Every structure is written in structure tokens, then in C-alpha cells.
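Taken in sequence, the protein lines are chains A and B. FYI, in the working numbering the residues of the first sequence are 1 to 615. FYI, in the working numbering the residues of the second sequence are 616 to 954. Virtual Cβ for every residue (Gly too), placed ideally from N, Cα, C. Keep in mind the model is a prediction, meaning the values are calculated, not measured. Here the structure comes first, spelled out in C-alpha cells, and everything after it is commentary.
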Amino acid sequence: MLGKTNVKFRQSIVVRFSGDSGDGMQLAGNIFSSVSAEMGEIISTFPDYPAEVRAPQGSLSGVSGFQVHIGHGVHTPGDECDVLVAMNPAALKQNVQFLNKNGVAIVDIDSFKEIDLKKAKFTTDNPYKEIGLKTQIVEVPMTSMVKAALEDSGMDFKSQMKCRNMFALGLICWLFNMPLSSARRFLQHKFGNKPAVFDANCKVLQGGYDYGHNIHASVSKYRIETEDMRPGIYVDVNGNKATAWGLILASEKSGRPLYLGSYPITPATDILHELAKRRDLGVKACQMEDEIAGICSAIGAAYAGSLAVTSTSGPGLSLKSEAMGLAVMSELPLVIIDVQRGGPSTGMPTKTEQTDLMQALYGRSGECPLVVVAASSPTDCFHMAFEAARIAIEHMTPVILMTDAFIANGSSAWRVPEVGDYPEIHPNFVPEDKEATWHPYSRNEELVRYWSFPGVEGKMHRVGGLERDYDTGVISNSPENHERMVKTRAQKIANVANHIPLLEVKSEHEGCDTIIIGWGGTYGHIYTAYEHLNHAGKHIDFAQFNYINPLPRNTREVLTKYKTVIVAELNSGQFATYLQSQIPELNIKRINKVQGQPFLVNEIEEGITKIMEGK
Amino acid sequence: MAQTFQNPEPKDYKNDVAVRWCPGCGDHAVLNVLHKAMAELGVPPHMIAVVSGIGCSSRLPYYMNTYGFHTIHGRGGAIATGVKVANPQLTVWQISGDGDCLAIGGNHFIHEVRRNVDLNLLLLNNKIYGLTKGQFSPTSDRGCISKSSPYGTTEDPFIPAELVFGARGTFFARGIDVELKINQEIMVEGARHKGCSVIEILQNCMIFNNGIHNRITDKAVRANRTIHLVHGEKMLFGKNRDMGLVQEGFGLKAVRLDDGDYTIDDVLIHDAHCQDNFLHQQLAMMDGTNLPVALGVIRDVDAPSYETDVTVQMRKIQVKHRYRNLRDMILDGDTWERK
Chain A
1 MLGKTNVKFR QSIVVRFSGD SGDGMQLAGN IFSSVSAEMG EIISTFPDYP AEVRAPQGSL
61 SGVSGFQVHI GHGVHTPGDE CDVLVAMNPA ALKQNVQFLN KNGVAIVDID SFKEIDLKKA
121 KFTTDNPYKE IGLKTQIVEV PMTSMVKAAL EDSGMDFKSQ MKCRNMFALG LICWLFNMPL
181 SSARRFLQHK FGNKPAVFDA NCKVLQGGYD YGHNIHASVS KYRIETEDMR PGIYVDVNGN
241 KATAWGLILA SEKSGRPLYL GSYPITPATD ILHELAKRRD LGVKACQMED EIAGICSAIG
301 AAYAGSLAVT STSGPGLSLK SEAMGLAVMS ELPLVIIDVQ RGGPSTGMPT KTEQTDLMQA
361 LYGRSGECPL VVVAASSPTD CFHMAFEAAR IAIEHMTPVI LMTDAFIANG SSAWRVPEVG
421 DYPEIHPNFV PEDKEATWHP YSRNEELVRY WSFPGVEGKM HRVGGLERDY DTGVISNSPE
481 NHERMVKTRA QKIANVANHI PLLEVKSEHE GCDTIIIGWG GTYGHIYTAY EHLNHAGKHI
541 DFAQFNYINP LPRNTREVLT KYKTVIVAEL NSGQFATYLQ SQIPELNIKR INKVQGQPFL
601 VNEIEEGITK IMEGK
Chain B
616 MAQTFQNPEP KDYKNDVAVR WCPGCGDHAV LNVLHKAMAE LGVPPHMIAV VSGIGCSSRL
676 PYYMNTYGFH TIHGRGGAIA TGVKVANPQL TVWQISGDGD CLAIGGNHFI HEVRRNVDLN
736 LLLLNNKIYG LTKGQFSPTS DRGCISKSSP YGTTEDPFIP AELVFGARGT FFARGIDVEL
796 KINQEIMVEG ARHKGCSVIE ILQNCMIFNN GIHNRITDKA VRANRTIHLV HGEKMLFGKN
856 RDMGLVQEGF GLKAVRLDDG DYTIDDVLIH DAHCQDNFLH QQLAMMDGTN LPVALGVIRD
916 VDAPSYETDV TVQMRKIQVK HRYRNLRDMI LDGDTWERK
């Protein structure tokens with residue numbers, strides 16, 4: 001799917017602070033841009049004052065704004081903003097025109113009372129609908145939290161409210177990883193001779209930052225534009241939504257109803273949100289009591305004949321390990337989605353990483369092979385979710401789909417598939433000519449167990465986590481049989497290689513002896529680096545892996561042609577280690593980053609150049 | 616209710632797998648009664664799924680001629696929930712023990728009860744871990760001496776009924792392994808109840824905890840130390856049914872009806888269908904010391920079941936939106952065309 005597309009992405013962000021002219025939006029915006037500049041970002045700002053110096057409070061004519069554009073290659077304040085902070089309804093109304101359709105509106109919900117709406121000339125009680133706001137809205141009770149933060153300050157309400165801009169600034173600093181220490185320095189400079197005011201502002205600033213931390217607030221700083229020029233209907237999606245939609249299509253194509261058992265966890269929760277909405281398409285999404293119940297209820301649904309899915313992130317994947325073993329042992333179809341984040345443990349929940357690969361491949365008791373696939377971009381999440389479900393159903397196995405915070409939250413224009421773009425999925429039901437000899441663990445020639453489930457007459461059977469006899473399906477402790485079953489389960493997964501696409505190499509020049517490879521969500525960055533290098537005369541080929549276990553059939557044949565194989569990944573070398581174990585003769589060099597941040601293109605370029613120059 | 620089939624018999628629910636529980640284990644009796652209860656209910660075997668976790672009792676699905684799923688320790692409740700939500704037409708039984716259900720699976724247990732998923736949960740309580748060979752369980756009495764508590768436990772047990780009420784359960788019944796008739800009655804009533812039916816059966820482990828329930832199950836004392844509650848009937852017990860339960864102050868009292876102080880008119884009539892669970896709790900907490908241990912259906916009240924409401928909500932929303940497929944839904948949102 002991504003083969004013919006060209007990926008560009010913007011690493012800059014436009015934030016617009018807006019509020020009443022007395023709300024201190026200029027100050028918040030100024031401090032944010034100064035802090036950003038100090039952090040090495042290139043900035044461009046645009047103050048947008050009201051014509052009247054003090055128009056009536058809360059009125060449309062009194063709205064003041066300040067736009068900041070930060071990032072790389074920034075030359076203008078930006079046409080549209082990605083994040084709009086609106087301190088009241090008037091600010092929202094006046095500025096919604098600047099918010100791009102993938103943006104986020106952050107509002108002080110405490111200032112959206114009836115009287116505030118009236119001042120801003122809203123005529124209904126649903127301001128968002130009235131102005132056609134369809135983007136993500138984060139409703140923050142800023143007024144009440146500022147009040148609570150300054151409860152003991154001895155300040156009156158009006159003075160307290162003058163600090164509200166710092167709450168917004170604190171929250172924005174959290175979102176964009178800006179340290180509060182430099183913001184405090186700017187405040188010190190401004191309020192140095194008024195210690196009480198300085199203290200109050202600092203306290204509120206910290207409050208806004210902590211609030212963002214506590215609710216795991218995040219916005220995608222990236223837009224990964226897939227240049228898909230095919231005619232068709234397009235829609236904007238982020239990776240999590242695309243994942244949910246891919247599963248729904250797989251349900252339609254397989255005739256198996258879709259069940260999701262899940263538990264909220266950053267950054268995967270939006271998959272649960274989207275599928276919960278899709279009761280309108282017959283999806284049963286259940287929020288369970290914990291991660292374990294999420295996967296276990298999904299295993300129950302799979303046992304009962306559904307396309308069953310559970311969605312999570314790294315720590316949740318750990319909790320699901322034992323249940324994945326059960327799904328492997330009872331050979332049930334199941335899709336496990338791991339939206340990777342910074343780990344281990346709670347780690348950095350809103351940040352991106354590729355550090356769960358080894359856990360996905362090996363993190364279970366016993367010899368417990370399952371299929372592992374990964375998505376390359378927000379739109380590719382749709383395709384790989386479909387693929388994960390197809391493989392799970394047709395091969396009666398759990399499949400782990402790995403995405404990450406970067407592509408899960410990143411968005412892109414996506415061409416809605418036409419009828420016929422995707423194949424039918426064929427569940428491995430018991431064929432008529434096998435009815436007589438069927439037992440619950442009998443298999444087709446690819447070693448895939450036949451699927452029968454409760455409600456089907458005449459196929460009553462028992463499955464479970466205990467080892468089974470290969471020939472009869474009855475519980476068995478026989479040593480030889482166990483080894484045979486271990487090998488059978490492994491071979492069943494290996495056979496999946498016959499049903500996935502071959503590894504595709506991108507090459508601009510013949511005879512390259514070096515290839516850069518990646519897997520999953522790093523596609524856009526590596527692809528761009530590959531293009532830049534080739535244009536600069538450094539000849540290198542490129543391949544991105546979406547199918548990790550099993551690897552595409554031609555992997556060895558393709559990679560052994562190169563003198564040097566460079567693996568770039570957002571961990572300390574997990575895919576490189578895996579690849580080396582599968583194809584020991586490769587000469588693998590590594591480019592690694594584990595900072596909770598995506599690669600920068602120039603980091604990859606520099607890494608490759610160093611290796612190519614033998615440094 | 617799923618379709619019924621012609622003249623069901625216990626053997627229709629039983630398979631020919633050799634039963635592997637120890638001779639004399641209370642589980643044998645429970646299994647036989649379950650076959651009979653299923654025959655009485657008449658749901659065809661292919662419409663029944665029996666789900667279990669890990670432990671001695673959790674081997675039960677192997678002995679059923681129904682669909683069966685022997686899963687992992689403690690997770691039977693979550694897995695059974697998935698089975699029932701995925702296909703509400705099925706009758707789903709969950710088989711569990713005191714360790715499986717109340718220790719490692721405690722969280723799933725309270726939540727399946729709270730959600731009121733339409734499951735029939737047999738909780739076989741022998742107050743000990745059998746499969747791992749004799750460690751105390753979360754229902755073992757304080758001071759219980761076992762392999763993992765050689766000097767006696769220093770913790771209080773769960774009383775399963777209390778957890779059920781705490782989780783706002785809609786059905787609770789109790790039996791003892793040797794009371795076959797009562798057990799069949801409570802299994803049938805439990806299966807007919809729409810919601811999460813917790814059926815606790817006090818069961819004897821011959822090997823690691825022999826006689827743990829003797830204080831109430833011993834034939835010589837059983838009639839006086841247990842009471843069989845039946846909805847709409849007087850709460851009478853004793854060999855000659857000459858004792859009864861009356862309400863006194865805030866609590867219950869066991870009285871004799873033959874010494875002139877109390878008459879049959881003073882004896883309470885059991886109302887299992889009362890929404891208020893105050894008296895049900897009092898009944899369920901009777902421990903055989905001053906008041907007899909309550910057997911039979913203690914609580915059985917109507918409430919919406921989870922999987923039904925999921926399905927009903929889904930149908931309603933589908934009627935409103937009328938999307939035929941994913942594409943319809945997407946095209947109904949913000950899209951643009953590239954020609």
C-alpha cells in the first residue's frame with residue numbers, strides 16, 4: 001500500500017492562545033515562544049490584538065490572540081493552528097476559523113456557562129455544533145483549578161483569575177515537552193519585584209503542567225502526508241482510528257462479528273473509543289475491569305466465533321502474556337494491538353518508542369510462537385489491522401499488531417477503499433469431507449486447526465490450555481507428543497510466510513551494497529532519509545518490514561545481497577538482534593534512539609553516512 | 616431461552632471421558648447433579664458452553680458432552696463473559712473453586728456479578744487448594760493449618776455471599792455436596808435466572824481438608840444446623856420441622872415451635888424476590904452456630920443483564936443510523952473527493 005506513495009511530514013506546530021483582552025494571552029504566547037526559542041526551535045509569532053483596548057469582557061470584539069509557530073523550517077507564523085487555546089466562548093468563536101481540521105481545541109469549560117455563551121452571541125446551548133467545530137476538544141476546568149491552586153494565597157478572585165493564562169501556558173508546556181524552569185525565569189523577570197504575584201503565577205503554571213501530565217494529554221506534533229494521488233473519496237484519520245476501521249472491514253469481509261475487550265491505557269485508548277462508537281455497525285466493544293479481563297473476554301468471544309480483539313500498550317501487553325499463551329495453546333484467532341509507548345513500566349505514556357518488540361516475539365511462558373506484524377504510518381494502520389485479522393482468522397492464531405504513539409496519534413489523508421479493494425477472509429471452518437474424521441485439533445495441510453464453536457450442532461468439544469494429543473485432541477502428557485505439538489505450533493506460524501507479501505526493496509541505483517532497513521512506524525523518516533541520501537549521491541537501498549514473525553519468504557535472499565545491512569529503530573537494537581538470529585550471516589550495523597521521540601531525518605542520514613564512510 | 620429438544624436425559628450431557636477426581640471427592644456428586652439439572656432444563660448440548668479456570672473443580676468441562684473451555688487460573692469469569700456477550704443465545708456455565716474464583720480471580724468475580732452477565736456460576740467451596748496439594752484458600756477459617764500455614768493462618772476468610780451482595784448480586788444460592796435434591800433445584804433456578812447466578816456448593820476434599828464442613832453436613836446434626844429456604848414458604852428447619860426463623864429486633868432468631876413461646880404464625884416467609892437485600896444478607900450470613908446455615912435460593916431478583924443490554928442498545932443505534940457497512944459510516948462524515 002505504501003509502496004507507491006511518497007511521504008512527507010511537517011515537524012512544526014502552530015499554537016494559538018486566545019482569550020479576553022484582559023486574559024494575558026500575549027504574555028502566555030510570548031513566554032511560550034521564548035521558551036521554545038531557548039529549546040532550539042525556530043519560531044515565528046503573530047500577535048492578534050483586538051481593535052479596542054478593553055472591549056466588554058467576554059464579547060466578540062474583545063478577543064485577543066497570539067499565534068506561535070515552532071519547529072524546523074519555520075518561516076511564517078502559520079496559516080492554520082494545530083492547537084487553539086480558547087479561554088472563553090467568544091475566543092473560540094472568533095478563532096475557530098484558524099484551527100485546522102486535525103487540530104485540538106483546548107477550552108476553559110468553566111467559562112462556558114449560559115451567560116458566557118450569551119455574551120459571545122451564541123444562540124444554542126451547544127457552542128461547538130453552532131460553529132461547526134468537529135475536531136478534538138479538550139475541556140479543562142481552568143477557572144476552578146486556578147481557584148483551587150490559589151486558595152491559600154490570600155488573593156481575591158479577580159487577581160486569581162489574572163493567573164489563568166499561566167495555567168494554559170503550563171498545559172501547553174506539558175504538551176510540547178518544554179521545561180517549566182525557563183518559563184519561570186521569564187516570570188521572574190516580569191514579576192521579580194512582586195514576589196506574591198510571581199509565586200501565584202508559578203503555582204498556577206505548575207498546576208497546568210501537572211494537569212496535562214495527570215490526564216495524559218497529548219497532541220500529535222506530526223502530520224504524515226501520504227501522497228496518494230489515486231482518485232477516490234478521502235478522509236482524515238489518525239492511526240488509532242484507522243486501526244479500528246481496519247478491524248471493522250475485516251469483520252465485514254470474514255462474516256465474523258467484531259468483539260473488542262479492552263481497558264483504557266495511553267496511547268491506545270482511542271481504539272476503544274472508536275469501536276465503542278461503532279455499535280452503529282454492530283461492534284461489541286466492552287471496557288473490562290482490567291487488561292487481563294480485556295484479553296480474556298476477547299478469547300471467550302473468539303471461542304464463541306467472533307473476530308476478537310484486545311487493544312493495549314506495553315504494560316498492558318505484559319499483563320496479557322498468560323492469556324496469549326492460552327490463545328496460542330487453544331489455537332484461537334485473536335488480534336492483540338500494542339500501541340507502543342516509552343517504557344519500561346509506566347515509563348513515558350504519551351511518548352513513542354519501538355521497545356516492545358522482544359516482548360511481542362518472546363514474552364510468554366513455554367515455546368509460544370505467534371504472528372507479529374507492524375504498521376508503518378497512520379493510514380497503514382488500517383491495512384495492517386485488516387491483515388492482522390485476516391491472518392488470525394485464516395491461520396487460527398493470535399496476531400500482535402504493533403503500532404506506536406507516533407503513528408497512532410499522527411494523522412493523514414486516507415483514501416477510503418472501494419468495494420473490492422480488499423479480499424474476502426475465509427475462516428477455517430470444518431470442510432464437509434472432513435466432518436467424519438474431525439476432532440477439535442484436526443488440521444488442514446497448512447497445519448491450521450479447524451474452527452467450530454458453541455451453537456454449531458454436532459461439534460461439541462473441549463479445548464483449553466493443557467497439551468493435546470496430535471492425533472485425537474485428547475489431553476496428553478506424552479513426551480514425544482508434546483515435542484511434536486511444539487513443532488506443529490511453530491510450523492503453523494512459519495507457514496504464514498506463504499500468505500504474506502514479499503519484502504519489497506526501494507532502490508534508485510543499481511548495485512548498491514548497503515541497505516537501510518526499519519520496521520513499523522519509522523517508515524516516513526527512514527524513507528525521507530533514503531531519498532535525501534540518494535539525491536546527494538550516497539547510493540543506498542531501503543526496505544521497511546511490516547511482517548516481523550514470520551519474516552517475508554524472500555528476506556534472506558534479499559538481504560544477503562548486501563555487504564552492509566543498517567537497521568534503524570527506536571530501541572537499543574531489538575529488530576537487529578532478531579534479524580541476526582534469523583539470518584546469522586548478515587553484517588548488521590545499527591542506528592538506535594531511545595528518547596521517547598521519533599527519529600529526525602538528519603539523525604538517520606548522519607548515522608548512515610558515518611557507517612558508509614566506515615567511521 | 617435457547618430452543619429445547621425432545622426428552623432430554625442426563626446422559627445427553629455426559630461424555631465417556633474417565634472422571635479423574637479422587638474417590639469420595641464432593642465434585643463427583645456435583646457433576647452428576649449438573650447432568651440431571653441440564654436434562655431438566657432441556658437446553659440442547661450444542662447451545663451450552665461450560666467454562667472453567669484452574670483447580671480440581673475446573674476439570675469439570677472435560678466430563679460434559681457440551682462445548683467446554685478449560686482456561687487459565689482465575690480468568691474463567693472474564694472468558695465466560697466474552698462467550699456470553701459474543702453469543703447471548705448460549706447458556707453459559709462457569710465452574711470455579713474458592714481459590715480460582717476468590718483469590719486469583721477475585722477481581723473478575725466481583726465484576727461479573729456487578730455487571731450481571733447472564734452466567735451460571737458454580738462455586739465449589741472446599742476451603743482449601745487441592746490441585747496444588749493443600750494450601751489454605753481465601754475461604755479457609757482463621758487459624759487454618761495447612762502446608763503453607765503450618766502454624767495457622769493469621770487472616771480472616773471471605774464469605775462468598777458477602778462478596779456477592781457487596782457487588783450487588785442478583786442471585787445467590789447455596790448447597791452442600793451431599794444434598795443432591797437441593798443442588799439440582801438451585802442449579803435449575805440459577806440457570807433460569809437472567810443474570811449472574813452465583814451457586815455456592817460447600818464441598819468436601821477427602822485428601823486435604825476432609826470433614827471441613829462436617830459441623831453442618833454431618834447427618835446427625837444437618838437437619839438442625841441447616842435450613843432449606845424456598846421462596847414463598849415458611850422458614851422451618853429441624854428433623855421434624857419444629858424450628859423456625861423469626862425476626863427479632865434488627866436480626867434473626869431461631870426458635871422452637873413446640874415449647875409454647877412461638878407459633879407457626881411468627882415464622883418468617885422466605886421472599887427471594889425482594890429487591891432489598893438486607894434480609895437476604897442476614898440469611899446468607901447464618902453460620903450454623905446459633906442460626907442454621909441457609910441452603911437453597913437465598914436471593915433471586917430481576918435486573919437488566921449485561922449482554923442483553925449491549926445487544927438491545929446496539930439494535931437501537933443501528934436502526935437510527937442504518938449504515939450497511941463501514942464505507943457508509945465513513946462517507947457520512949467529513950470527506951472530500953480527488954478526481
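Cβ neighbour criterion (16 or more within 10 Å) applied to residue i
i, result
"CYS637/B", "exposed"
"TYR578/A", "buried"
"PHE684/B", "buried"
"GLU41/A", "buried"
"ALA887/B", "buried"
"LEU646/B", "buried"
"HIS828/B", "buried"
"PHE620/B", "exposed"
"MET25/A", "buried"
"THR437/A", "exposed"
Three-state class that DSSP yields for residue i in the structure shown
i, result
"PRO398/A", "strand"
"ILE219/A", "One point to set straight first is that residue 219/A is Val, not Ile, in the sequence displayed. If DSSP states are grouped into helix, strand and coil, VAL219/A belongs with coil."
"ALA302/A", "helix"
"PRO89/A", "helix"
"THR5/A", "Only weak support exists for where THR5/A lies, its pLDDT of 43 falling under 50; the coordinates are left without a value."
"TRP174/A", "helix"
"ASN571/A", "coil"
"ARG939/B", "coil"
"VAL146/A", "helix"
"TRP519/A", "strand"
"ASP108/A", "strand"
"ASP917/B", "coil"
"MET155/A", "coil"
"ALA687/A", "Residue 687/A lies beyond the stretch modelled for chain A, which goes from 1 to 615, so this question has no answer here."
"PRO584/A", "coil"
"THR76/A", "coil"
"ASP199/A", "helix"
"ALA617/B", "Only weak support is given to the placement of ALA617/B: the predicted model assigns it a pLDDT of 45, under 50, and the question is left unresolved by the model."
Proximity of residue i and residue j at Cβ, strictly below 9 Å
i, j, result
"LYS492/A", "GLU331/A", "yes"
"HIS726/B", "GLU289/A", "yes"
"ASP469/A", "LEU570/A", "no"
"VAL283/A", "PRO257/A", "yes"
"VAL63/A", "VAL85/A", "no"
"ALA782/B", "ARG729/B", "yes"
"LYS162/A", "GLY22/A", "yes"
"SER297/A", "THR768/B", "no"
"GLY521/A", "SER377/A", "yes"
"ASP356/A", "LEU401/A", "no"
Whole-angstrom C-beta distance between residue j and residue i, which should lie under 8 Å
i, j, result
"ALA250/A", "LEU334/A", "In fact, because the Cβ distance is near 13 Å, the residues do not count as touching under 8 Å."
"GLY911/B", "ILE801/B", "6 Å"
"ASP715/B", "GLY670/B", "5 Å"
"THR681/B", "VAL665/B", "6 Å"
"ASN741/B", "CYS820/B", "4 Å"
"TYR450/A", "VAL430/A", "4 Å"
"ALA293/A", "GLY343/A", "Going by Cβ atoms, the distance from ALA293/A to GLY343/A rounds to 22 Å, so no, they are not a contact pair."
"GLU770/B", "ARG757/B", "7 Å"
Under 7 Å from the C-beta of residue i: neighbouring residues of chain D
i, result
"LYS954/B", "The question asks about chain D, but that chain is absent: this structure's protein chains are A and B."
| According to a CB-to-CB cut-off of less than 9 Å, which residues of the region 689-706 of chain B neighbour chain A? | GLY689, ARG690, GLY691, GLY692, ALA693, ILE694, ALA695, THR696, GLY697, VAL698, LYS699, VAL700, ALA701, ASN702, GLN704 and LEU705
| field | Short-range partners of chain A found in the region 729-743 of chain B, where Cβ spacing is below 8 Å | value | none
| task | Taking a Cβ distance cut-off of 9 Å, strictly less, list which residues of the region 294-311 of chain A are near chain B, in chain order. | result | Listed in sequence order: GLY294, ILE295, CYS296, SER297, ALA298, ILE299, GLY300, ALA301, ALA302, TYR303, ALA304, GLY305, SER306 and ALA308.
| query | Got a sec: which bits of the region 163-193 of chain A sit with their beta carbon under 7 Å from any beta carbon on chain B, in order along the chain? | reply | none
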